[in-house]
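A.B. asks:
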Amino acid sequence: MPLRSQKSWLKVLVVFAFWTVLGVAFGVQFHFASEQIGNPVPWSRALTHSLCDWYVFALLSVPAVLLSRHFAIERPHWGRALLVHFFASIVFALSYVALRSSLALWQSADSRTIFAEAFTSLLVKSWHFDLIVYWVIVAVSHAFSYYEQLRERELRNAELERRLTEARLQALQMQLNPHFLFNTLHAISSLMHKDVDAADAMLVRLSELLRHALEATNTQEVTLREELDFLRRYLEIEQTRFGKRLKIEMNIAPETLDAFVPNLILQPSLENAIIHGIEPQARDGEIQLLARKEGESLHIEVRDNGAGIGNKQIEDGVGLSNTRARLQQLYGASQQFTIANGPGGGAVMTMILPFRRAAVMTSVSPLHAISA
Numbered sequence: 153m154p155l156r157s158q159k160s161w162l163k164v165l166v167v168f169a170f171w172t173v174l175g176v177a178f179g180v181q182f183h184f185a186s187e188q189i190g191n192p193v194p195w196s197r198a199l200t201h202s203l204c205d206w207y208v209f210a211l212l213s214v215p216a217v218l219l220s221r222h223f224a225i226e227r228p229h230w231g232r233a234l235l236v237h238f239f240a241s242i243v244f245a246l247s248y249v250a251l252r253s254s255l256a257l258w259q260s261a262d263s264r265t266i267f268a269e270a271f272t273s274l275l276v277k278s279w280h281f282d283l284i285v286y287w288v289i290v291a292v293s294h295a296f297s298y299y300e301q302l303r304e305r306e307l308r309n310a311e312l313e314r315r316l317t318e319a320r321l322q323a324l325q326m327q328l329n330p331h332f333l334f335n336t337l338h339a340i341s342s343l344m345h346k347d348v349d350a351a352d353a354m355l356v357r358l359s360e361l362l363r364h365a366l367e368a369t370n371t372q373e374v375t376l377r378e379e380l381d382f383l384r385r386y387l388e389i390e391q392t393r394f395g396k397r398l399k400i401e402m403n404i405a406p407e408t409l410d411a412f413v414p415n416l417i418l419q420p421s422l423e424n425a426i427i428h429g430i431e432p433q434a435r436d437g438e439i440q441l442l443a444r445k446e447g448e449s450l451h452i453e454v455r456d457n458g459a460g461i462g463n464k465q466i467e468d469g470v471g472l473s474n475t476r477a478r479l480q481q482l483y484g485a486s487q488q489f490t491i492a493n494g495p496g497g498g499a500v501m502t503m504i505l506p507f508r509r510a511a512v513m514t515s516v517s518p519l520h521a522i523s524a
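The opening position of the sequence shown corresponds to residue 153 in our numbering, with each subsequent residue numbered one higher.
Listed below in C-alpha cells is the structure:
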C-alpha cells in the first residue's frame with residue numbers, strides 16, 4: 153500500500169477512535185447519571201444511545217471541516233467566512249436533529265412515535281449544544297490547519313536555508329580552487345627555466361591533485377584521513393618547488409583520522425604558511441601540522457618558523473577568507489579560526505571544529521613526519 157494511502161487510513165482511524173472515545177465517555181456518564189436519579193439505564197442502551205449521538209456528529213463533521221478549510225476565518229474575508237459559518241451551523245444543527253430522530257425511530261420499539269414528535273423533542277433538547285459542537289469542530293479544524301501551514305512554512309524555510317547554504321559553500325569552494333590552481337601554475341612557470349624535470353614532476357602531481365579536487369567538488373565534508381591524503385599531494389608539489397628548504401612535520405592523533413572536516417580546508421592554511429612564513433626567508437623553513445581531540449572538539453594547528461605576524465593586523469587573502477566563510481557556514485558559533493604569533497616565533501593557525509566521527513572506523517598507525 154502506498155505511503156500516502158497508509159497515512160490517509162491512519163488519519164481516518166484516529167478520527168474514528170476520537171469520536172468513539174467521546175461516545176463511550178458520554179455513555180458511561182449517562183449510565184451513572186441515570187442510576188443517581190433512580191431510573192437506571194442498562195449499559196448496552198446507554199452506550200448505544202451515546203455512540204449513535206456522536207457518530208452522527210462524526211458524519212456531519214466531514215462537511216463542516218471541508219467548509220472550514222474553504223472558508224477560513226482569516227483576513228481579509230473573515231466577515232464573509234463568519235456569515236457562511238453562521239448559516240452552516242444552523243444547517244448542521246437541523247441535520248443532526250433530523251438524522252438522530254430518524255435513528256431514534258429506527259431504534260424505538262414504540263411504533264406510535266412519529267418523526268415530527270421526535271424531531272421537535274430533540275430540537276428543543278439539543279439545539280444549542282449542536283451549534284456549540286459545530287463551532288468546536290470549526291475551531292479545531294482551524295487549529296490543525298494553522299499547525300499544518302506552520303509546519304509547511306518551517307519545512308519550506310529549512311529547505312530554502314539548506315539550498316542557500318549549499319550554494320554559498322559551493323561558490324566559496326569554486327572560488328578557492330582557481331586560486332590554488334593559479335598559484336601552482338605560477339610556481340611551475342618559475343621552475344620551467346631552472347629545473348625542467350622538477351617542473352614536469354609538478355605538472356604530473358598537479359594533474360592528480362586537480363582530478364581529486366574535481367571528484368570531491370560536491371562533497372562539503374570528508375574525514376581528516378581523506379583531507380590529509382589530498383594535502384600530501386599538494387605538499388609534494390611545494391616540496392618539489394622548495395627542495396630541502398621546506399620541511400613538513402605532521403603530528404596527527406590516530407583517533408582524529410576519522411573525524412569529519414570541511415573538504416579542502418587545510419590546503420589554504422598550509423599555503424598561507426608557505427607563502428608568508430617560509431618563502432620570504434632564506435633559511436630552511438619548517439611547518440608543523442597538529443591534530444588532536446579535546447573534549448567534544450577537534451583542534452587543528454598549523455605552525456611555521458617564519459617571521460610571524462608581529463603587531464600588524466592580518467588581512468586574509470582569498471584562501472583564508474574562504475576558510476573563515478566556509479567554517480561559519482558549516483558550523484556557525486561551534487567553530488573557531490584564529491591566526492596568532494607562535495610562542496617560539498613564527499605564526500600559528502588554530503582551527504577548532506565540532507568533533508564528529510565517521511561511522512566506519514579503521515585501525516591506523518600514527519602519521520609520521522614528512523620532509524624533503
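Positions of the beta carbon are idealized from the N, C-alpha and C atoms, including for glycine.
Quantities reported herein were computed from a predicted structural model and do not represent experimental measurements.
Give the list of continuous beta strand (DSSP E) stretches no shorter than 3 residues that lie fully inside the segment 401-469.
C.D. replies: Fully enclosed beta strand (DSSP E) runs of 3 or longer: 412-414, 437-446 and 449-456.
A.B. asks: Provide the residue span of the alpha helix (DSSP H) that contains E379, from first to last.
C.D. replies: Segment L376 to F394, the alpha helix (DSSP H) holding E379.
A.B. asks: Hey, A459 and I439: beta-carbon distance below 8 Å or not?
C.D. replies: No, these two residues do not count as a Cβ contact at 8 Å.
A.B. asks: Assign F296 to one of three DSSP states: helix, strand, or coil.
C.D. replies: F296 falls in the helix class under three-state DSSP.
A.B. asks: Using the three-state DSSP reduction, which class does K277 fall into: helix, strand or coil?
C.D. replies: Correct three-state label for K277: helix.
A.B. asks: Helix, strand or coil, according to DSSP, for F489 in the structure here?
C.D. replies: Residue state, collapsed to three classes: strand.
A.B. asks: Please confirm if the segment 437-453 is in contact with the segment 491-502, defined as three or more CB-CB distances below 8 Å between the two stretches.
C.D. replies: Yes: at least three Cβ pairs fall under 8 Å.
A.B. asks: In the DSSP output, which residue or residues are listed as bridge partners for P398?
C.D. replies: The sequence given here places Leu at residue 398; Pro does not occur at that position. Paired residue(s): G437.
A.B. asks: Exposed or buried, what is L307 when buried is set at 16 or more other beta-carbons lying within 10 Å of its beta-carbon?
C.D. replies: Per the 10 Å Cβ criterion, exposed.
A.B. asks: Which two residues bound the contiguous beta strand (DSSP E) that contains T371?
C.D. replies: No beta strand (DSSP E) holds T371; DSSP gives it neither H nor E.
A.B. asks: If I'm right that D456 touches I430 with Cβ under 8 Å, what's the distance once you round it to whole angstroms?
C.D. replies: Yes, they are in contact, since the Cβ atoms of D456 and I430 sit about 6 Å apart, within 8 Å.
A.B. asks: Considering P506, what are the terminal residues of the beta strand (DSSP E) in which it resides?
C.D. replies: P506 -> beta strand (DSSP E) spans A499 to P506.
A.B. asks: Assuming L175 and S202 are in contact, meaning their beta carbons sit under 8 Å apart, how far apart are those beta carbons, in whole angstroms?
C.D. replies: Note that residue 175 is Gly in the sequence shown, not Leu. Yes, G175 and S202 are in contact; Cβ-Cβ is about 5 Å, under 8 Å.
A.B. asks: Counting pairs of beta carbons, one from the segment 349-358 and one from the segment 389-397, are three or more of them closer than 8 Å?
C.D. replies: Flag = yes, the segment 349-358 and the segment 389-397 touch.
A.B. asks: Just the C-alpha distance for L274 and W258, rounded to the nearest angstrom, thanks.
C.D. replies: Going from the Cα of L274 to the Cα of W258 covers about 15 Å.
A.B. asks: Taking E367 as the reference, give the member of R377, S186, Q181 and N415 with the closest Cα.
C.D. replies: Ranking R377, S186, Q181 and N415 by Cα distance to E367 puts N415 first.
A.B. asks: Give me the residue from F267, T375, D381 and S473 with the minimum Cα distance to N509.
C.D. replies: Note that residue 509 is Arg in the sequence shown here, rather than Asn. Selected option, being the one with the closest Cα: T375.
A.B. asks: Closest to F412 by C-alpha separation, out of L398, R377, T272 and M402, would be which residue?
C.D. replies: The option with the nearest alpha carbon to F412 is R377.
A.B. asks: Can the beta-carbon of F271 be found less than 8 Å from the beta-carbon of S253?
C.D. replies: In contact: F271 and S253 (Cβ atoms closer than 8 Å).
A.B. asks: Should E226 be labelled buried (16 or more other beta-carbon atoms within 10 Å of its own) or exposed?
C.D. replies: Burial call: exposed.
A.B. asks: Might you give, ordered along the chain, the residues of its own chain that have their beta carbon closer than 7 Å to the beta carbon of G498, omitting 5 neighbours on each side?
C.D. replies: Result list for G498: G429, R455, D456, N457, G458 and G460, in chain order.
A.B. asks: DSSP on R509, reduced to helix/strand/coil?
C.D. replies: R509 falls in the strand class under three-state DSSP.
A.B. asks: Between the Cα of F238 and those of A216, G437 and W195, spot the shortest distance and give me the residue it belongs to.
C.D. replies: Here the closest residue by C-alpha is A216.
A.B. asks: Exposed or buried, G496, counting other C-beta atoms within 10 Å across all chains shown (16 or more means buried)?
C.D. replies: The residue is exposed, with fewer than 16 neighbouring Cβ atoms inside 10 Å.
A.B. asks: Kindly list the residues whose CB is nearer than 6 Å to the CB of L442, restricted to its own chain and excluding five residues on each side of it in sequence; keep chain order.
C.D. replies: Correct list, in chain order: N403 and E453.
A.B. asks: Identify whether A224 lies in helix, strand or coil by the three-state DSSP scheme.
C.D. replies: Coil, per DSSP.
A.B. asks: Please classify G484 as buried or exposed, where buried requires at least 16 neighbouring CB atoms within 10 angstroms.
C.D. replies: Classification for G484: exposed.
A.B. asks: Is the Cβ-Cβ distance between L212 and Y248 less than 8 Å?
C.D. replies: Yes, Cβ-Cβ distance for L212 and Y248 is below 8 Å.
A.B. asks: Assign V164 to one of two classes, buried (16 or more other C-beta atoms within 10 Å of its C-beta) or exposed (fewer than that).
C.D. replies: The residue in question, V164, is exposed, as its Cβ has fewer than 16 Cβ neighbours within 10 Å.
A.B. asks: Thinking just about the alpha-carbon of each residue, which of Q487, R363, P420 and E446 is nearest to the one in L472?
C.D. replies: Comparing Cα-Cα distances from L472 to each of Q487, R363, P420 and E446, the minimum goes to P420.
A.B. asks: Looking at I400 and L387, is the spacing between their C-beta atoms short of 8 Å?
C.D. replies: A contact, by the Cβ cut-off of 8 Å.
A.B. asks: Please go through the same chain and pick out, in chain order, the residues whose beta-carbon is closer than 8 Å to the beta-carbon of F182, but skip the five residues on each side of it.
C.D. replies: Cβ neighbours of F182 beyond the five flanking positions: V193, A198, H201 and S202.
A.B. asks: By Cβ distance below 7 Å, which residues in the same chain neighbour F507 in space, the five residues on each side in sequence not counted?
C.D. replies: So the list reads A411, K445, E448, S449 and L450, once near-sequence residues are dropped.
A.B. asks: Is the distance from the Cβ of W117 to the Cβ of F178 below 8 Å?
C.D. replies: No information on residue 117 is available, as it lies outside the stretch 153 to 524 that the chain covers here.
A.B. asks: Please determine, among Q372, C204, L422 and A492, the residue with the shortest C-alpha to C-alpha distance to A477.
C.D. replies: With distances taken between Cα atoms, A477 lies closest to Q372.
A.B. asks: Please state whether DSSP places I522 in a helix, a strand or coil.
C.D. replies: Residue placement at I522 cannot be trusted, given a pLDDT of 40 that sits under 50; what the coordinates show is reported in the next sentence. If DSSP states are grouped into helix, strand and coil, I522 belongs with the strands.
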